[in-house]
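I have placed the structure first, in the form of structure tokens, so that the comments after it can refer back to it.
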Amino acid sequence: MQTAAVNHQQHFKSKRQFKIWEKQQKENAAKRLNRALYANQSPFRYAERIYKSRMISDADAREIVDFSNLSNNTIQVQNNIVQVPLKHDLGTLSNAFGDMPHRSNYALVMRNVPGLIVIPNAFSPNAQRQLVKHCLRDYAKPPHTSNLDGHYHVPKDGIWPLYEQEKKGLVVPGDANYYIPSKTVPQDQDNMYPATIEDADDDALSVASSMYSDISGKSARAASSPTQMLKKQRWVTLGYQYHWGTKKYNLEDPIPIPSDISDLMKAVVKATEDIGCQDAEIPWKNQYRGADFKPEAGIINFYQLQSTLMGHVDQSEINMEAPLISMSLGHSCIYLIGGNTRDTKPIPLKLNSGDMLVMTAIARRAYHGVPRILENTLPDYMLPESVDDEDWKIFGDYMKTTRINLNIRQVFPK
Ligand SMILES: O=C(O)CCC(=O)C(=O)O
Ligand SMILES: [Fe+2]
Numbered sequence: 001m002q003t004a005a006v007n008h009q010q011h012f013k014s015k016r017q018f019k020i021w022e023k024q025q026k027e028n029a030a031k032r033l034n035r036a037l038y039a040n041q042s043p044f045r046y047a048e049r050i051y052k053s054r055m056i057s058d059a060d061a062r063e064i065v066d067f068s069n070l071s072n073n074t075i076q077v078q079n080n081i082v083q084v085p086l087k088h089d090l091g092t093l094s095n096a097f098g099d100m101p102h103r104s105n106y107a108l109v110m111r112n113v114p115g116l117i118v119i120p121n122a123f124s125p126n127a128q129r130q131l132v133k134h135c136l137r138d139y140a141k142p143p144h145t146s147n148l149d150g151h152y153h154v155p156k157d158g159i160w161p162l163y164e165q166e167k168k169g170l171v172v173p174g175d176a177n178y179y180i181p182s183k184t185v186p187q188d189q190d191n192m193y194p195a196t197i198e199d200a201d202d203d204a205l206s207v208a209s210s211m212y213s214d215i216s217g218k219s220a221r222a223a224s225s226p227t228q229m230l231k232k233q234r235w236v237t238l239g240y241q242y243h244w245g246t247k248k249y250n251l252e253d254p255i256p257i258p259s260d261i262s263d264l265m266k267a268v269v270k271a272t273e274d275i276g277c278q279d280a281e282i283p284w285k286n287q288y289r290g291a292d293f294k295p296e297a298g299i300i301n302f303y304q305l306q307s308t309l310m311g312h313v314d315q316s317e318i319n320m321e322a323p324l325i326s327m328s329l330g331h332s333c334i335y336l337i338g339g340n341t342r343d344t345k346p347i348p349l350k351l352n353s354g355d356m357l358v359m360t361a362i363a364r365r366a367y368h369g370v371p372r373i374l375e376n377t378l379p380d381y382m383l384p385e386s387v388d389d390e391d392w393k394i395f396g397d398y399m400k401t402t403r404i405n406l407n408i409r410q411v412f413p414k
């Protein structure tokens, strides 16, 4: 019996023509399969797929909200953005924002995203570099937990000092302390993921897998050089240590949030008191008082250019009234913010280095995620040679492929 392919081939003038036809058939079949696969996909998942792509269509790109230059947005988007004065000047509340000759004294809210407050470019370039240094050198080390702990013996000073030594040529392969040893029996590994699918909802699984993807392969867990290790360092937890698999905090050994981070986060809650939007479909106002805000837990996310964070709701905190505050450093990203289920179509925002995001009111329970880190968006002031500071060079070099997000929550009632 002849095969279907041979039958088809007879209708073509050349083998090449047949090959082109055959390729098109395969592509069409894949598209049909894709359509079937995504037909039942929720609007949130659909948007994740669109914005994860390296080829975002012009129409989808126009929907991305740009807070850095409001006139860059479409008229529809501009009509949704409202400028609201901050209640207090950030610079007078905390030194951590740095000296800025033209610090903006307003926040932005969106009529179609109730509860979300954005303070664009809240930090001076110098303050941003200091925060990057703190995140990498001072916070990313024990007793703070990181995704590396289950698989590696992380040195007591963390990975950064070794990485610096490697960059300076002070440790080389063959030196006793060059490779960071992996644990033969990964500790706590089983606890990191929920034991069974039934134990976890969709969120825990997808978020946990995006949080551990860099170290989940066997070969990826072999002893690694400091550079390799740093690229694998995906998150570090501050304050009460969070467990991704069980989505619970370890309440036994509280670790204080570093005081400079604590101060600046309290300042943000104070400055955004009473900010809201009364002429939106769902009117809202941030009713949390700065004086009541206690920074108790946090996450530092380190994203490489290909990293993503799947859509989720942060709801492990007993206190869901307190705002969740989050800041961006380094490369820009696309951040999706939806509603309280995945059925709301999310709005894509571009978050830039120095932006502060405050999730209050109903946005505190909204689905959100980071489907994409945007290449070629590192501000010049983050480049290694941007300042006359020998110390910055190695940090700046790491930032060439990185976005850092630091977010803070209050766990307990006020
Ligand atoms: O990277 C971000 O901007 C968001 C991080 C986040 O949602 C989280 O850590 O829960
Ligand atoms: Fe989150």
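So that you can map any letter, position 218 of the sequence shown is 218 in UniProt numbering, and since no number is skipped, the others follow by simple counting.
Even glycine gets a Cβ: it sits at the ideal position worked out from N, Cα and C.
Around the C-beta of residue i, are 16 or more other C-beta atoms found within 10 angstroms, so that it is buried, or is it exposed?
i      : result
Val269 : buried
His144 : buried
Ile75  : exposed
Gln306 : exposed
Asp314 : buried
Asn405 : buried
Gly174 : exposed
Ile50  : buried
Asn407 : buried
His11  : exposed
Glu281 : exposed
Lys13  : exposed
Ala297 : buried
Thr92  : exposed
Ala200 : Note that Ala200 scores a pLDDT of 36, beneath 50, so its modelled location is shaky; the value from the coordinates is reported in the next line. So Ala200 ends up on the buried side.
Ser219 : Residue placement at Ser219 cannot be trusted, given a pLDDT of 48 that sits under 50; the coordinates are not used to answer.
Pro120 : buried
Lys23  : exposed
Arg403 : buried
The alpha helix (DSSP H) with residue i in it runs from where to where?
i      : result
Ile50  : Pro43 to Lys52
Leu131 : Pro125 to Lys133
Tyr398 : Trp392 to Met399
Ile233 : Reading off the sequence shown, one finds Gln at residue 233, where the question assumed Ile. Taken as a continuous stretch (DSSP letters only), Gln233 belongs to no alpha helix (DSSP H), as it is neither H nor E.
Gln306 : That residue, Gln306, is in no alpha helix (DSSP H); it is neither H nor E in DSSP.
Gly354 : Neither: Gly354 is in no alpha helix (DSSP H) and is coded neither H nor E.
Val269 : Ser259 to Ala271
Are residue i and residue j closer than 7 Å when you measure CB to CB?
i      : j      : result
Gln241 : Asn319 : no
Ile159 : Pro226 : yes
Ala122 : Met399 : no
Val84  : Ile275 : yes
Phe293 : Arg234 : no
Gly115 : Ala361 : yes
Leu349 : Tyr335 : yes
Tyr152 : Ser182 : yes
Ile300 : Val358 : no
Leu108 : Ile81  : yes
Ser94  : Ala267 : yes
Pro371 : Lys52  : yes
Glu312 : Thr377 : Before going on, a small fix: residue 312 reads as His here, not Glu. No, these two residues do not count as a Cβ contact at 7 Å.
Val132 : Leu329 : yes
His364 : Asn340 : In the sequence as displayed, the identity of residue 364 is Arg instead of His. Not in contact: Arg364 and Asn340 (Cβ atoms no closer than 7 Å).
Ser316 : Lys247 : yes
Lys141 : Asp157 : yes
Ser146 : Ile180 : no
What are the boundary residues of the beta strand (DSSP E) that includes residue i?
i      : result
Arg62  : Unbroken run through Arg62 is the alpha helix (DSSP H), Asp58 to Arg62; no beta strand (DSSP E).
Met320 : Counting along the chain, Met320 falls outside any beta strand (DSSP E), and DSSP gives it neither H nor E.
Thr402 : Thr402 to Arg409
Ile75  : Segment Ile75 to Asn80 is the alpha helix (DSSP H) holding Ile75; no beta strand (DSSP E) there.
Do residue i and ligand 3 come close, with the Cβ less than 6 Å from some heavy atom?
i      : result
Ile299 : Of the ligands one can find in the structure shown, namely ligand 1 and ligand 2, none is ligand 3.
Can you give me the Cβ contacts of residue i inside the same chain, cut-off strictly under 7 Å, excluding the 5 residues immediately before and after it?
i      : result
Ala96  : Ala127, Asp260, Asp263 and Leu264
Arg62  : Thr74
His88  : Lys270 and Ala271
Thr196 : The predicted position of Thr196 is uncertain, since its pLDDT is 31 and thus under 50; no value can be drawn from it.
Just to confirm my understanding: we take residue i, look at its own chain, exclude 5 residues before and 5 after, and list those with CB closer than 8 Å. What are they?
i      : result
Pro43  : Gly338, Arg342, Asp343, Thr344, Lys345 and Pro346
Lys393 : Pro384 and Glu385
In its own chain, which residues sit with a C-beta less than 6 Å from the C-beta of residue i, not counting the 5 before and 5 after it?
i      : result
Leu136 : Trp160
Ser124 : Gly98, Asp99 and Met100
Tyr178 : Val171
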